[in-house]
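To start, the structure under review is shown below, and the notes come after it.
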Amino acid sequence: MSKVAKSRLREARIGLLFLSPWLIGLAVFTAYPIIASLYFSFTHYSGLSSPRWAGLDNYVQLFKDPLFWKSIYNTLYLAIIGIPLAQVLSILVALLLNTKVKFLGIFRTLYFLPSIVPAVATALLWKWFLNPQFGPVNLLLEKIGLPTPGWLTDPAWSKPALILTSVWGVGGAMVIYLAGLQNIPTELYEAAELDGAGKIARLFTITLPMLSPVILFNVVMGIINSFQSFTSVFIMTGGGPENSTLVYALSIYRNGFQFYKMGYASAMAWVLLIMTSIAIVFVFKFFGKYGYFGGVDKQ
Amino acid sequence: MKKRSLGKTWIYLLLIAGAVFFMIPFFWMFSTSLKSYDDVFAFPPVWWPSEVLWSNYADLLVELPFLRYTLNTVIVTGMTLLGFMLSSSVVAFGFSYFRIPGKKVLFRILLVTLMIPPQVTMIPQFVLFNKLGWVGTFLPLIVPTFFGGAFSIFLLKQFFDTVPREFSDAAKLDGANEWKIFLKVYLPLSKPALATSALFIFIWTWTDFLNPLIYLNDDRMYTLSIGLQQLSTSRTTAWPQLMGGSVLMTLPIIVLFFLAQKTFIQGIQVGGIKS
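In structure tokens, the structure reads:
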């Protein structure tokens, strides 16, 4: 073996040694569980006795289960309304904060702070804040003569209430959009102004296209988080009233850890994995077609 | 000129309206934590307690095992920080410094693991830890962190990539091996990235709910998030204590934010822009 080849081999060996904690963790805590979960999904398994092979039974039961469809409906409802709403609001705030306003730092801080409040605290706070009788929201609504809904206690209003709660945390996305806006070269705006483009035209021909990689990132993160959302619902409604907030992740938790149907819950988890992948591929395709990625390094 | 200042007025009005929307819940959380039960269940609701009860906070610490929950959370968060920082920096150095066949593929796999829903791995992990007899202890929350966290590895690797090769070549001439180069050249140069990574690990662990919910089943082992949630189901009307607990749980994060504002904002933006 040549000297160069020998030193290359040595380098690779030492490198792998440095990677080894992660490689072991990948095998034990990620790869094995994924495969085991797929296997469990074809079994009846309580977690106590050993799994019994059941073929496709879990999946067949799943597609016949009205609660499965209900949880998909609820999850998609929250995602399809919640994610675009969050993007529009956080882009809007970022645009406002990207103008030459005073107290910029203070405003940015005030908008950002709610996004770092622990999920448990946020959930408890909003449960109390939206209390139809003793909370301030309905007090204000009543004063200005608007209807006072039952919020989390009313199946028709529980999902909007959850969306309202999540809107309170858009500060994180706003900060990312703000950085995206500050990365847009000012020459583009100057050139457009010379060409006589108005404010609205500049927004749609420069700002939004230049922002599209950031929008893509935030939408993908939004989908991932929204499909997995658990804590707020678990604490605020427990899935009720009348299963109107039974979201997918809560349903998995219940089947696995409350009803001890771990095979069934694993089948649900695999459906979630497939749904998430399809949604992300769809979003990437959509942005690939309409987004602008010219100036962005792919890595 | 006049038109422009009118636009400015609108911008300020919108910004102030937004700030009010974001701040009122905070205010409500704090004011409730100081209320008596009479004020909490007053109709119509009152914004500020008729009598300010700081003793609600004393109740939390004396009557409820809040100190215990805080101590548990500090232990879990501290060990998680130790585990993730040690392992992730070593692995990130491995990804950044060495030529390893198949490294690119491995790094892709690392990024993909960031997108896998925890629900997929949750059940087999539980079965595994149950067989080891670890359920009900902190071990399932702590041990996996010593095998690296994908986000921290990604963040640190991106930073290590910017360290000039001349620095490590110079150290090599002085007889330093790879481990020395990692400790003496890369780590000291990467303080901002290490701080960002530590900050995010702290927040995730401090606020984590799902993992403690699955693995902790004894009141004496609860972390703050589980303790608060349990309190909310056992004493459904204890809103002053629940809001006081929420304030106390949120406070360290807010203090950290004001101490390390730049690290915070940059961390979120780097995570958002560069990936």
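Line by line, the protein sequences give chains B and P.
Residue numbers for the first sequence follow the numbering used here, so the first one is 50 and each next one is one higher.
Residue numbers for the second sequence follow the numbering used here, so the first one is 261 and each next one is one higher.
Built from N, CA and C at the ideal position, the CB exists for glycine as well.
Does the Cβ-Cβ distance between residue i and residue j come in under 8 Å?
i	j	result
GLY288/B	THR280/B	no
VAL351/P	PHE78/B	no
PHE276/B	ALA128/B	yes
LEU153/B	LEU146/B	yes
ILE63/B	VAL169/B	no
GLU379/B	ARG359/P	The requested residue 379/B is not part of the displayed model; chain B covers only 50 to 348.
THR381/P	PRO262/B	no
LEU227/B	ALA143/B	yes
ASN316/P	GLN489/P	no
THR467/P	VAL336/P	no
ILE413/P	LEU473/P	no
GLY396/P	ASN471/P	no
GLY220/B	PHE306/B	no
LEU213/B	SER207/B	no
ALA298/B	SER326/B	no
MET503/P	TRP177/B	yes
ALA316/B	SER90/B	yes
SER457/P	LEU392/P	no
PRO305/P	GLY184/B	yes
So residue i and residue j are in contact, right, with Cβ under 8 Å, and what is the actual spacing, rounded?
i	j	result
LEU111/B	VAL332/B	Going by Cβ atoms, the distance from LEU111/B to VAL332/B rounds to 25 Å, so no, they are not a contact pair.
MET509/P	ASN332/P	Actually they do not touch by this definition, with Cβ atoms about 12 Å apart.
LEU459/P	PHE411/P	Not really, about 12 Å apart at Cβ, beyond 8 Å.
GLY312/B	ASN107/B	5 Å
LEU173/B	SER506/P	6 Å
PHE344/P	THR405/P	5 Å
PHE462/P	SER485/P	That pair is no contact at about 14 Å.
SER293/P	TRP308/P	In fact, because the Cβ distance is near 12 Å, the residues do not count as touching under 8 Å.
GLY408/P	SER348/P	5 Å
For residue i, does the three-state DSSP call read helix, strand or coil?
i	result
THR497/P	coil
PRO377/P	coil
ALA318/P	helix
LYS262/P	Residue placement at LYS262/P cannot be trusted, given a pLDDT of 47 that sits under 50; what the coordinates show is reported in the next sentence. Here LYS262/P sits in helix by DSSP.
VAL296/B	coil
ALA80/B	helix
ALA279/P	helix
THR523/P	helix
GLU242/B	helix
LEU392/P	coil
PRO262/B	helix
SER51/B	coil
ILE360/P	coil
TYR309/B	coil
THR254/B	helix
ILE271/P	helix
TYR482/P	coil
ILE463/P	helix
SER296/P	coil
ALA430/P	helix
ASN471/P	helix
What are the partner residues of residue i, as DSSP defines its beta bridges?
i	result
TRP102/B	THR92/B
How would you list, in chain order, the residues of chain B whose beta-carbon sits under 8 Å from the beta-carbon of residue i?
i	result
VAL351/P	PHE67, LEU68, PRO70, TRP71
ARG359/P	ARG57, GLU60, ALA61, GLY64
VAL300/P	PHE183
ALA279/P	PHE156, LEU159, TYR160
PHE389/P	Within 8 Å Cβ-Cβ: nothing; PHE389/P doesn't reach chain B, min ~10 Å.
GLY408/P	PRO70, TRP71, GLY74
PHE460/P	Near PHE460/P there are no residues of chain B at all, since even the closest Cβ is about 11 Å away, more than 8 Å.
TRP466/P	PRO167
TRP499/P	TRP177
Anything in chain B within Cβ reach of residue i, meaning under 7 Å, just list it in chain order.
i	result
PHE427/P	What PHE427/P touches in chain B: nothing, since even the nearest Cβ is about 18 Å away.
GLU438/P	ILE63
PRO305/P	PHE183, GLY184, PRO185, LEU188
ALA529/P	Sequence inspection shows Gln at residue 529/P; the Ala mentioned does not correspond to that position. What GLN529/P touches in chain B: VAL224, ILE225, ALA228.
So which residues of chain B does residue i contact, with C-beta pairs closer than 9 Å?
i	result
VAL336/P	Ordered by position in chain B, no residue passes the 9 Å Cβ test against VAL336/P, which lies about 14 Å from the chain.
LEU274/P	LEU141, VAL142, LEU145
So which residues on chain P does residue i lean against when the C-beta distance must stay under 9 Å?
i	result
TYR126/B	Per Cβ cutoff of 9 Å: no residues; TYR126/B is ~19 Å from chain P at best.
THR325/B	MET375, ILE376, PRO377
GLY96/B	ILE383, PHE386, VAL387, ASN390
List, in order along the chain, the chain P residues whose C-beta lies closer than 8 Å to that of residue i?
i	result
VAL137/B	Here the premise fails: no neighbours, minimum Cβ distance about 13 Å.
GLN277/B	PRO377, PRO378, GLN379
PRO209/B	What PRO209/B touches in chain P: nothing, since even the nearest Cβ is about 15 Å away.
PHE39/B	An answer regarding residue 39/B cannot be provided, because it is not within the stretch 50 to 348 covered by chain B.
ILE249/B	Here the premise fails: no neighbours, minimum Cβ distance about 13 Å.
Starting from residue i, find everything on chain P with Cβ-Cβ shorter than 7 Å and list it in chain order.
i	result
PHE178/B	PRO285, TRP288
SER315/B	ILE383
Return yes when the C-beta of residue i is under 7 Å from any heavy atom of the ligand SAH, and no when it is not.
i	result
MET283/P	Only the bare structure without any ligand can be found here, which leaves the ligand SAH out of the picture.
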